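*Asks:* Last residue of the sequence shown: 247 (the numbering used here), numbering continuous.
A single structure is presented below for examination.
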Amino acid sequence: MKDNILYNPIAHLYESFSDAGAQIKIETRTIFNLAGDIEGKSVLDLACGYGLFSRECKSRGAAKVIGVDISDKMIEIAKNKSQQSGDGIEFHVRDVSKMESFGKFDLIVAAWLFCHAESLEQLENMFRVIADHLKPSGKLIAYTFEPDYRLEKGNYKNYCINVLSEEPIKETTLVKAEFLTTPPSPFTMYRWNREQYKDAIIKAGLTQFEWHKPMLLESDIESYPPGFWDIFQKNCLDAALVCQR
(Lines of atoms letter the chains of each structure in order from A and count residues from 1; the text may use other names and numbers.)
(Lines give C-alpha, C1' and ligand atoms only; values in the text may rest on other atoms or scores of the structure.)
Protein backbone atom coordinates (compact mmCIF):
# COMPACT_ATOMS: atom_id res chain seq x y z
CA MET A 1 0.00 0.00 0.00
CA LYS A 2 1.33 3.41 -1.00
CA ASP A 3 -1.27 5.34 0.98
CA ASN A 4 1.26 6.63 3.50
CA ILE A 5 2.86 8.57 0.64
CA LEU A 6 -0.53 9.28 -0.94
CA TYR A 7 -2.33 10.69 2.08
CA ASN A 8 0.50 12.44 3.90
CA PRO A 9 0.54 15.45 1.52
CA ILE A 10 -3.23 15.91 1.83
CA ALA A 11 -3.72 14.99 5.50
CA HIS A 12 -4.21 18.63 6.51
CA LEU A 13 -6.94 19.00 3.85
CA TYR A 14 -8.85 15.77 4.49
CA GLU A 15 -10.74 17.19 7.45
CA SER A 16 -12.04 20.04 5.30
CA PHE A 17 -13.36 17.44 2.83
CA SER A 18 -15.13 15.65 5.69
CA ASP A 19 -16.61 18.91 6.92
CA ALA A 20 -17.85 19.87 3.45
CA GLY A 21 -19.05 16.52 2.11
CA ALA A 22 -22.84 16.29 2.39
CA GLN A 23 -22.64 12.50 2.41
CA ILE A 24 -20.43 12.27 5.52
CA LYS A 25 -23.45 12.45 7.84
CA ILE A 26 -25.05 9.69 5.74
CA GLU A 27 -21.91 7.59 6.14
CA THR A 28 -21.86 8.16 9.90
CA ARG A 29 -25.54 7.33 10.26
CA THR A 30 -25.18 4.15 8.21
CA ILE A 31 -22.15 2.85 10.09
CA PHE A 32 -23.56 3.38 13.56
CA ASN A 33 -27.06 2.19 12.71
CA LEU A 34 -25.51 -1.07 11.52
CA ALA A 35 -23.22 -1.22 14.55
CA GLY A 36 -26.05 -0.88 17.05
CA ASP A 37 -25.44 -0.06 20.71
CA ILE A 38 -21.69 0.11 21.35
CA GLU A 39 -21.75 1.37 24.93
CA GLY A 40 -19.15 -0.44 27.00
CA LYS A 41 -17.73 -2.26 23.98
CA SER A 42 -14.24 -2.43 22.48
CA VAL A 43 -13.73 -0.92 19.02
CA LEU A 44 -10.91 -1.11 16.49
CA ASP A 45 -11.11 1.64 13.86
CA LEU A 46 -9.11 0.73 10.75
CA ALA A 47 -8.09 3.33 8.16
CA CYS A 48 -9.10 5.77 10.88
CA GLY A 49 -7.58 8.84 9.20
CA TYR A 50 -7.66 11.79 11.57
CA GLY A 51 -9.91 9.87 13.98
CA LEU A 52 -13.42 10.95 12.97
CA PHE A 53 -15.11 7.60 13.66
CA SER A 54 -12.79 6.75 16.55
CA ARG A 55 -14.03 9.84 18.39
CA GLU A 56 -17.63 9.10 17.40
CA CYS A 57 -17.28 5.62 18.90
CA LYS A 58 -15.94 7.08 22.12
CA SER A 59 -18.75 9.66 22.29
CA ARG A 60 -21.26 6.81 21.92
CA GLY A 61 -19.91 5.11 25.01
CA ALA A 62 -17.31 2.63 23.74
CA ALA A 63 -15.09 1.53 26.61
CA LYS A 64 -11.95 1.06 24.51
CA VAL A 65 -11.11 2.52 21.10
CA ILE A 66 -7.96 1.96 19.06
CA GLY A 67 -7.46 3.72 15.72
CA VAL A 68 -5.04 2.53 13.04
CA ASP A 69 -3.96 4.21 9.82
CA ILE A 70 -1.06 3.81 7.41
CA SER A 71 -0.51 7.58 7.16
CA ASP A 72 1.71 8.92 9.93
CA LYS A 73 0.51 12.47 9.19
CA MET A 74 -3.13 11.40 9.66
CA ILE A 75 -2.25 9.69 12.93
CA GLU A 76 -0.36 12.76 14.09
CA ILE A 77 -3.51 14.84 13.61
CA ALA A 78 -5.64 12.17 15.33
CA LYS A 79 -3.30 12.03 18.33
CA ASN A 80 -3.28 15.81 18.68
CA LYS A 81 -7.08 15.93 18.69
CA SER A 82 -7.23 13.11 21.22
CA GLN A 83 -4.74 14.80 23.51
CA GLN A 84 -6.71 18.05 23.34
CA SER A 85 -9.96 16.35 24.33
CA GLY A 86 -8.42 13.83 26.74
CA ASP A 87 -10.59 11.03 25.33
CA GLY A 88 -8.03 8.25 25.91
CA ILE A 89 -8.14 6.86 22.35
CA GLU A 90 -5.02 5.02 21.18
CA PHE A 91 -3.73 5.69 17.67
CA HIS A 92 -1.11 3.68 15.77
CA VAL A 93 0.58 3.83 12.37
CA ARG A 94 0.22 0.41 10.72
CA ASP A 95 -0.38 -1.30 7.37
CA VAL A 96 -3.53 -3.29 8.18
CA SER A 97 -2.61 -6.08 5.74
CA LYS A 98 0.55 -6.78 7.79
CA MET A 99 -0.63 -5.70 11.23
CA GLU A 100 0.24 -7.51 14.44
CA SER A 101 -2.46 -8.30 16.98
CA PHE A 102 -3.97 -5.57 19.14
CA GLY A 103 -6.29 -8.08 20.82
CA LYS A 104 -9.92 -9.06 20.25
CA PHE A 105 -12.72 -6.54 19.67
CA ASP A 106 -16.50 -6.39 19.78
CA LEU A 107 -16.62 -4.09 16.78
CA ILE A 108 -14.25 -3.28 13.94
CA VAL A 109 -14.95 -0.25 11.76
CA ALA A 110 -13.18 -0.13 8.40
CA ALA A 111 -14.20 2.96 6.45
CA TRP A 112 -12.44 3.25 3.08
CA LEU A 113 -9.89 0.54 3.85
CA PHE A 114 -10.56 -2.18 1.28
CA CYS A 115 -10.55 0.20 -1.67
CA HIS A 116 -6.85 0.78 -0.98
CA ALA A 117 -5.88 -2.87 -1.38
CA GLU A 118 -3.68 -2.91 -4.47
CA SER A 119 -3.87 -6.68 -5.04
CA LEU A 120 -6.26 -9.52 -4.32
CA GLU A 121 -3.68 -10.95 -1.92
CA GLN A 122 -3.64 -7.69 0.01
CA LEU A 123 -7.45 -7.60 0.14
CA GLU A 124 -7.51 -11.16 1.49
CA ASN A 125 -4.83 -10.32 4.05
CA MET A 126 -6.90 -7.38 5.30
CA PHE A 127 -9.92 -9.60 5.90
CA ARG A 128 -7.74 -12.25 7.56
CA VAL A 129 -6.24 -9.69 9.96
CA ILE A 130 -9.72 -8.36 10.73
CA ALA A 131 -11.07 -11.86 11.42
CA ASP A 132 -8.15 -12.46 13.80
CA HIS A 133 -9.11 -9.32 15.74
CA LEU A 134 -12.81 -10.13 16.12
CA LYS A 135 -14.31 -11.70 19.21
CA PRO A 136 -16.50 -14.76 18.44
CA SER A 137 -19.59 -12.53 18.59
CA GLY A 138 -17.82 -9.54 17.04
CA LYS A 139 -18.90 -7.58 13.98
CA LEU A 140 -17.14 -5.81 11.13
CA ILE A 141 -18.79 -2.71 9.70
CA ALA A 142 -17.03 -1.68 6.51
CA TYR A 143 -17.74 1.30 4.32
CA THR A 144 -16.18 0.95 0.92
CA PHE A 145 -16.19 1.60 -2.81
CA GLU A 146 -19.49 0.37 -4.27
CA PRO A 147 -18.61 -2.45 -6.74
CA ASP A 148 -21.37 -1.33 -9.11
CA TYR A 149 -20.29 2.33 -9.37
CA ARG A 150 -19.42 3.43 -12.92
CA LEU A 151 -18.10 6.86 -13.89
CA GLU A 152 -20.01 6.79 -17.17
CA LYS A 153 -23.25 6.84 -15.17
CA GLY A 154 -22.37 10.03 -13.34
CA ASN A 155 -19.62 11.78 -11.40
CA TYR A 156 -19.60 12.51 -7.67
CA LYS A 157 -18.85 16.23 -7.65
CA ASN A 158 -21.97 17.09 -5.65
CA TYR A 159 -20.40 15.15 -2.80
CA CYS A 160 -16.95 16.78 -3.00
CA ILE A 161 -15.30 13.97 -4.98
CA ASN A 162 -14.33 14.34 -8.63
CA VAL A 163 -13.76 10.93 -10.25
CA LEU A 164 -11.19 11.44 -12.99
CA SER A 165 -10.74 8.02 -14.58
CA GLU A 166 -11.31 4.26 -14.35
CA GLU A 167 -8.73 1.82 -15.69
CA PRO A 168 -8.97 -1.99 -15.62
CA ILE A 169 -5.66 -3.42 -14.38
CA LYS A 170 -4.91 -7.08 -13.74
CA GLU A 171 -7.59 -8.32 -11.32
CA THR A 172 -9.17 -4.98 -10.35
CA THR A 173 -10.01 -1.45 -11.56
CA LEU A 174 -7.81 1.50 -10.71
CA VAL A 175 -9.82 4.66 -10.07
CA LYS A 176 -8.18 8.09 -9.97
CA ALA A 177 -10.04 10.88 -8.23
CA GLU A 178 -9.64 14.03 -6.18
CA PHE A 179 -11.27 15.51 -3.12
CA LEU A 180 -12.68 18.93 -4.03
CA THR A 181 -10.70 20.79 -1.40
CA THR A 182 -8.74 23.99 -2.03
CA PRO A 183 -6.52 23.04 -3.78
CA PRO A 184 -7.92 19.68 -4.98
CA SER A 185 -6.44 16.62 -3.24
CA PRO A 186 -5.66 13.71 -5.61
CA PHE A 187 -6.01 10.10 -4.52
CA THR A 188 -6.46 6.63 -6.01
CA MET A 189 -8.77 3.71 -5.17
CA TYR A 190 -9.23 0.14 -6.35
CA ARG A 191 -12.70 -1.14 -7.19
CA TRP A 192 -13.10 -4.81 -6.30
CA ASN A 193 -16.14 -6.80 -7.43
CA ARG A 194 -18.61 -8.59 -5.19
CA GLU A 195 -17.25 -12.06 -5.94
CA GLN A 196 -13.75 -10.99 -4.94
CA TYR A 197 -15.10 -9.58 -1.68
CA LYS A 198 -17.09 -12.77 -1.08
CA ASP A 199 -14.06 -14.99 -1.63
CA ALA A 200 -11.86 -12.88 0.66
CA ILE A 201 -14.52 -12.84 3.37
CA ILE A 202 -15.05 -16.61 3.28
CA LYS A 203 -11.29 -17.32 3.22
CA ALA A 204 -10.99 -15.26 6.40
CA GLY A 205 -13.62 -17.40 8.12
CA LEU A 206 -16.35 -14.75 8.20
CA THR A 207 -19.32 -16.81 7.09
CA GLN A 208 -22.03 -14.15 7.48
CA PHE A 209 -21.93 -11.03 5.35
CA GLU A 210 -24.42 -8.59 3.86
CA TRP A 211 -24.21 -5.49 1.66
CA HIS A 212 -26.17 -2.37 2.60
CA LYS A 213 -26.92 0.88 0.82
CA PRO A 214 -26.19 4.19 2.58
CA MET A 215 -29.08 5.38 4.76
CA LEU A 216 -30.25 8.45 2.89
CA LEU A 217 -33.37 9.83 4.54
CA GLU A 218 -36.19 11.90 3.09
CA SER A 219 -35.13 14.73 5.41
CA ASP A 220 -31.68 14.70 3.77
CA ILE A 221 -33.25 15.00 0.32
CA GLU A 222 -35.50 17.86 1.41
CA SER A 223 -32.53 19.78 2.87
CA TYR A 224 -30.84 20.19 -0.52
CA PRO A 225 -31.88 21.53 -3.94
CA PRO A 226 -33.94 19.22 -6.21
CA GLY A 227 -31.75 16.70 -7.99
CA PHE A 228 -28.80 17.07 -5.59
CA TRP A 229 -28.97 13.44 -4.44
CA ASP A 230 -29.85 11.91 -7.84
CA ILE A 231 -26.41 10.45 -8.56
CA PHE A 232 -26.05 9.31 -4.96
CA GLN A 233 -29.24 7.30 -5.37
CA LYS A 234 -28.69 6.04 -8.94
CA ASN A 235 -24.91 5.55 -9.12
CA CYS A 236 -23.67 5.60 -5.54
CA LEU A 237 -19.93 5.34 -4.91
CA ASP A 238 -20.53 4.33 -1.27
CA ALA A 239 -21.52 0.93 0.08
CA ALA A 240 -21.64 -0.64 3.54
CA LEU A 241 -20.67 -4.22 4.29
CA VAL A 242 -21.40 -6.12 7.52
CA CYS A 243 -19.45 -9.30 8.32
CA GLN A 244 -19.61 -11.76 11.22
CA ARG A 245 -18.49 -15.31 11.93
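Glycine included, C-beta positions come from ideal geometry on N, C-alpha and C.
A quick note: this is a predicted structure, and the numbers were derived from the prediction, not measured.
How about Ile-68 and Phe-104: are their beta carbons less than 7 Å apart?
*Replies:* For the purposes of this step, residue 68 is taken as residue 66 along the sequence shown, with counting starting at 1. For the purposes of this step, residue 104 is taken as residue 102 along the sequence shown, with counting starting at 1. Cβ distance < 7 Å, so Ile-68 and Phe-104 count as in contact.
*Asks:* With DSSP collapsed to three states, give me the class of Lys-141.
*Replies:* Along the sequence shown, one-based indexing puts residue 141 at 139. In the structure shown, Lys-141 sits in a strand (DSSP, three-state: E or B).
*Asks:* Starting from Ser-2, trace the alpha helix (DSSP H) both ways and give me its first and last residue.
*Replies:* Since the first residue of the chain shown is 3 and the last is 247, residue 2 is not available in this structure.
*Asks:* Do the stretch 128-136 and the stretch 178-191 meet, that is, are 3 or more Cβ pairs less than 8 Å apart?
*Replies:* The answer is no - the stretch 178-191 does not touch the stretch 128-136, with fewer than three Cβ pairs under 8 Å.
*Asks:* Compare the C-alpha of His-118 against each of Leu-166, Leu-218, Ile-72 and name the closest.
*Replies:* Residue mapping note: residue 118 aligns to position 116 of the sequence shown, counting from 1. Nearest of Leu-166, Leu-218, Ile-72 to His-118, Cα basis: Ile-72.
*Asks:* Can you tell me where the beta strand (DSSP E) holding Thr-175 begins and where it ends?
*Replies:* One-based indexing of the sequence shown puts residue 175 at position 173. From DSSP, the beta strand (DSSP E) with Thr-175 extends over 174-181.
*Asks:* According to DSSP, simplified to helix, strand and coil, what is Gln-246?
*Replies:* By 1-based counting over the sequence shown, the position of residue 246 is 244. Three-state DSSP puts Gln-246 in a strand.
*Asks:* What is the C-beta distance between Lys-48 and Val-95, in whole angstroms, given that I count them as a contact (C-beta under 8 Å)?
*Replies:* Start at 1 with the first residue of the sequence shown, and residue 48 comes out as number 46. Start at 1 with the first residue of the sequence shown, and residue 95 comes out as number 93. The sequence given here has Leu at residue 48, not Lys. Contact flag wrong, Cβ pair sits at about 12 Å.
*Asks:* Using only CA atoms, which one of Lys-81, Ala-80, Leu-142 lies nearest to Leu-208?
*Replies:* Start at 1 with the first residue of the sequence shown, and residue 208 comes out as number 206. Here the closest residue by C-alpha is Leu-142.
*Asks:* Going by DSSP in three states, Leu-239 sits in which element: helix, strand or coil?
*Replies:* Position 237 of the sequence shown holds residue 239. Of the three classes helix, strand and coil, the one that applies to Leu-239 here is coil, per DSSP.
*Asks:* Which full runs of the beta strand (DSSP E) of 3+ residues lie inside the stretch 34-72, going along the chain?
*Replies:* Those beta strand (DSSP E) runs which fall completely within the stretch 34-72 and span 3+ residues are 44-48, 66-71.
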